[in-house]
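In the numbering used here, the protein residues as written are 93 to 350.
Report on the following structure.
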């Protein structure tokens with residue numbers, strides 16, 4: 093039986109791949125659980141520094157599996173709440189992981205699939221990829237993804253994308269700040285691999301972790317609280333072995349081995 097999600101590591105990079113090409117990599121309970129397990133495995137592996145989320149087939153992820161949603165209509169509220177919380181935890185875990193997550197988007201990212209692109213730290217897509225939150229067009233709501241989309245693109249763009257349910261091009265997605273860039277289809281795998289290797293080679297793991305934390309929590313605090321927290325993190329980081337190593341290497345005109 094083909095695994096819905098595959099996991100591979102090499103050169104300190106963990107690659108998590110959606111593997112339901114016949115279903116456009118749509119999400120159901122099995123896929124969500126498998127993704128959560130894979131990300132937890134990568135986070136716990138001391139030999140992994142960067143995580144890449146990719147997909148097999150023509151679509152990156154078409155969102156919720158409609159057959160699965162139809163089955164869930166037989167559930168009561170508590171059962172549906174438990175199922176929704178599984179997807180909530182997946183998105184929350186990706187967003188809060190200590191390691192950098194790069195989404196390699198080689199096809200359409202729709203609804204929950206667009207949500208995966210939204211919660212990744214860095215997202216790159218091929219020119220032909222389409223993006224959108226189509227939930228309102230099937231009588232559903234983009235509840236979980238809305239929380240992250242507002243943070244990433246601002247309220248105005250979020251309203252446009254979520255209320256219209258329309259699809260946008262990769263070029264528009266980049267202009268909206270939904271993704272970081274567009275890479276030709278023949279180059280995107282090498283590009284993402286190169287970026288992941290650059291992060292592994294050129295950046296301190298502790299610095300990446302702390303920087304992610306700073307960005308993630310900035311909007312949760314008042315300006316005064318955020319600045320005080322940043323000052324404390326600044327002071328703590330100065331005493332971290334990575335900082336001492338990096339400054340020592342710079343002063344010695346050498347390159348630190350991260």
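Backbone N, C-alpha and C fix where the C-beta goes; we use that ideal spot for every residue, glycine too.
Option nearest residue 257 by Cα separation, candidates 222, 136, 273, 120: 222
If the criterion is Cβ atoms closer than 8 Å, does the pair residue 193 and residue 143 meet it? yes
Under 8 Å between the Cβ atoms of residue 215 and residue 197? yes
Nearest residue (CA-CA) to residue 110, options 119, 296, 173: 119
Under 8 Å between the Cβ atoms of residue 277 and residue 228? no
Whose C-beta lies closer than 7 Å to the C-beta of residue 332 among residues of the same chain, with five residues either side of it excluded? 298
For residue 155 and residue 108, which I take to be in contact (beta-carbon distance under 8 Å), what is that distance rounded to the nearest angstrom? So it is not a contact: roughly 18 Å between Cβ atoms.
Exposed or buried, residue 183, counting other C-beta atoms within 10 Å across all chains shown (16 or more means buried)? buried
Just tell me which of 293, 320, 314, 310 has its CA closest to the CA of residue 338. 293
Range of the contiguous alpha helix (DSSP H) that encloses residue 303: 297-309
On the premise that residue 190 lies in contact with residue 135, defined as a C-beta separation below 8 Å, what is that separation, rounded to the nearest angstrom? 7 Å
If contacts are defined as beta-carbon pairs under 8 Å, then residue 270 and residue 245 qualify, I think. What distance do you get, rounded to the angstrom? 6 Å
Residue 105, buried or exposed, once every other Cβ within 10 Å from all chains shown has been counted against 16: buried
Going by Cα to Cα distance, which pick from 113, 147, 116, 115 is closest to residue 99? 147
Between which residues of its own chain and residue 233 is the CB-CB distance below 7 Å, once the five residues before and five after are set aside? 227
Report the residue ranges of all beta strand (DSSP E) runs contained in full by the region 98-171; include only those spanning at least 3 residues, in chain order. 105-110, 142-147, 151-153
Just to confirm the assignment, what range does the beta strand (DSSP E) spanning residue 312 have? That residue, residue 312, is in no beta strand (DSSP E); it is neither H nor E in DSSP.
Determine the direct distance from the alpha carbon of residue 301 to that of residue 116, and round the result to whole angstroms. 32 Å
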